[in-house]
Amino acid sequence: MPLRLAILETDTPVPATHALYSGYLGVFTHLFTRAASPIPLSAVLTLTGHHIVPDNDNDPAFLIALPTAPAPSAAYPPLDEVDAILVTGSKHNAFDDHPWIEELVGYVRKAVEGGRVKVLGVCFGHQIVARAMGVRVGRAEGWEVSVTEARLTGRGREVFGGRETLQIQQMHRDQVFGLPPNAELLASTDACANHGFLIPERVITVQGHPEFTAAIMREILDLRHDTGLFPEELYRAGLARNGDHHDGVLIAQAFLKFLLAQEQ
Numbered sequence: 003m004p005l006r007l008a009i010l011e012t013d014t015p016v017p018a019t020h021a022l023y024s025g026y027l028g029v030f031t032h033l034f035t036r037a038a039s040p041i042p043l044s045a046v047l048t049l050t051g052h053h054i055v056p057d058n059d060n061d062p063a064f065l066i067a068l069p070t071a072p073a074p075s076a077a078y079p080p081l082d083e084v085d086a087i088l089v090t091g092s093k094h095n096a097f098d099d100h101p102w103i104e105e106l107v108g109y110v111r112k113a114v115e116g117g118r119v120k121v122l123g124v125c126f127g128h129q130i131v132a133r134a135m136g137v138r139v140g141r142a143e144g145w146e147v148s149v150t151e152a153r154l155t156g157r158g159r160e161v162f163g164g165r166e167t168l169q170i171q172q173m174h175r176d177q178v179f180g181l182p183p184n185a186e187l188l189a190s191t192d193a194c195a196n197h198g199f200l201i202p203e204r205v206i207t208v209q210g211h212p213e214f215t216a217a218i219m220r221e222i223l224d225l226r227h228d229t230g231l232f233p234e235e236l237y238r239a240g241l242a243r244n245g246d247h248h249d250g251v252l253i254a255q256a257f258l259k260f261l262l263a264q265e266q
């Protein structure tokens with residue numbers, strides 16, 4: 003029976019990406035389809051999308067006009083009706099105290115403490131999971147954008163197939179300061195010490211964006227440069243590193259291995 007994975011959509015993709023994928027459920031379906039190949043995704047996962055951001059919560063911090071958010075699909079899924087949840091990336095700050103963010107933190111904490119539902123976090127989701135487990139999340143000194151090399155720890159090398167580093171798309175200026183109890187660090191960069199962590203059979207997170215293609219990253223870079231959020235130097239450096247030469251599918255395969263309860 004396929005594992006039931008609920009995608010908690012904490013944002014709406016930028017316009018062209020949204021038009022192509024119809025939200026982050028579509029973006030992650032595209033990622034997991036490639037990761038599962040040649041096995042049909044439907045044989046291993048049933049994905050559902052749950053847009054949990056109120057339509058009136060349009061944080062202007064990124065200076066981008068986003069399309070209207072899709073209607074919620076019954077908001078949060080009951081935890082007894084799913085096997086795992088994945089918290090997506092977002093333009094919002096994981097350390098803010100907006101009611102919907104506090105509700106998300108509480109929901110994730112309940113999932114983690116319950117022990118049955120597995121929890122995945124990507125970028126903002128990585129930060130939300132850490133916050134739910136009592137770790138401080140805050141603003142870093144600067145941005146990490148586009149394809150960036152992260153150094154794997156010994157545990158990270160085990161999880162990601164023995165390699166020393168990962169190339170992963172990045173789009174963040176917030177980070178997690180520390181590790182949750184019983185968590186094992188997976189990766190680091192010079193700018194961000196916690197690039198992901200693992201609690202075997204319960205939680206796995208990454209600070210980067212395995213789901214981003216080169217086209218998605220290019221659209222974000224262009225929009226944030228055009229609106230003045232990204233200065234020319236940061237924008238040009240991001241363009242130079244962008245591409246589909248990253249390890250997003252490999253990371254998704256590690257996620258699948260974690261979800262399907264194989265040895266970690």
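If you want our numbering, it's the position in the sequence shown, counting the first as 1, plus 2.
We put the CB at the ideal spot given by N, CA and C, even for glycine.
- Taken through DSSP and simplified to helix, strand or coil, PHE214 comes out as coil.
- GLY108 and THR31 have their C-alpha atoms roughly 26 Å apart.
- Nearest C-alpha to LEU168 among HIS20, ALA263, GLY28, ILE253: ILE253.
- Within the region 64-135, the complete beta strand (DSSP E) runs of at least 3 residues fall at 86-89, 120-124.
- GLY117 and THR150 have their C-alpha atoms spaced approximately 33 Å apart.
- By the C-beta density criterion, GLU115 is exposed, having fewer than 16 other C-beta atoms within 10 angstroms.
- In the structure shown, LEU231 falls within a coil segment according to DSSP collapsed to helix, strand and coil.
- Spatial neighbours of VAL251 in its own chain (CB-CB distance under 8 Å, excluding positions within 5 residues in sequence) are listed in chain order as LEU33, ARG36, ALA37, PRO212.
- Closest by C-alpha distance to VAL208, out of GLY230, LEU43, VAL89, LEU47, is VAL89.
- Secondary structure of ARG159 (DSSP, three-state): helix.
- Straight-line spacing of the CA atoms in ARG111 and GLY136 works out to 9 Å.
- With a cut-off of 8 Å on Cβ pairs, the region 228-248 is not in contact with the region 152-160, counting fewer than three such pairs.
- GLY140: not part of any alpha helix (DSSP H); member of the beta strand (DSSP E) spanning 138-154, first to last residue.
- By the C-beta criterion, the region 188-208 is judged not to be in contact with the region 222-234, since fewer than 3 inter-stretch pairs fall below 8 Å.
- When DSSP reads this structure, GLY51 sits in a beta bridge with ILE9.
- A straight-line Cα-Cα distance of about 13 Å links LEU47 and ALA263.
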